[in-house]
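Novice:
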Amino acid sequence: MAAHDSTSRNMVNTATKTARYYTVGYAPQNGRPNPPSAINLKGRWLEESGFMTGIPITVTVERGRIVIETEINL
Numbered sequence: 001m002a003a004h005d006s007t008s009r010n011m012v013n014t015a016t017k018t019a020r021y022y023t024v025g026y027a028p029q030n031g032r033p034n035p036p037s038a039i040n041l042k043g044r045w046l047e048e049s050g051f052m053t054g055i056p057i058t059v060t061v062e063r064g065r066i067v068i069e070t071e072i073n074l
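Here it is in structure tokens:
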């Protein structure tokens, strides 16, 4: 039986918001023509969602969709 003041701890990573809106930009190439497209994701929500600095990720690309997953199951 649990102690009177104990609480159940569910280790679920939940970000405060689930949708983020960005615009595809470009990565400057020192004035070279045709710079490549780029998406720069940043914010505290990344860590809150399990994307800690330094952990490896997998990026899966499909037409109109990009999925980013941690390689370490947290």
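So for the sequence shown, the UniProt record's numbering puts the first residue at 1; every next one is plus one. Glycine included, each C-beta is placed from N, C-alpha and C at the ideal position.
Using 8 angstroms as the threshold, is the C-beta distance between Ala-38 and Ala-27 below it?
Specialist: In this structure, Ala-27 lies closer than 8 angstroms to Ala-38 by Cβ.
Novice: Per DSSP, which residues does Gly-25 bridge with? Please list them.
Specialist: Partner(s): Ala-38.
Novice: Going by Cα to Cα distance, which pick from Thr-70, Tyr-22 and Leu-41 is closest to Gly-54?
Specialist: That would be Thr-70, whose Cα lies nearest to the Cα of Gly-54.
Novice: Which residues bound the alpha helix (DSSP H) around Arg-44?
Specialist: First-last of the alpha helix (DSSP H) with Arg-44: 44-48.
Novice: Looking at the secondary structure, which residues open and close the beta strand (DSSP E) in which residue 78 lies?
Specialist: Missing from the structure shown is residue 78; the chain here goes from 1 to 74 and no further.
Novice: Under 8 angstroms, do Val-59 and Ile-68 count as touching if we go by C-beta distance?
Specialist: For Val-59 and Ile-68, yes; Cβs fall inside 8 angstroms.
Novice: Starting from Ile-57, trace the beta strand (DSSP E) both ways and give me its first and last residue.
Specialist: It spans 57-62 - the beta strand (DSSP E) in which Ile-57 sits, taken as one unbroken run.
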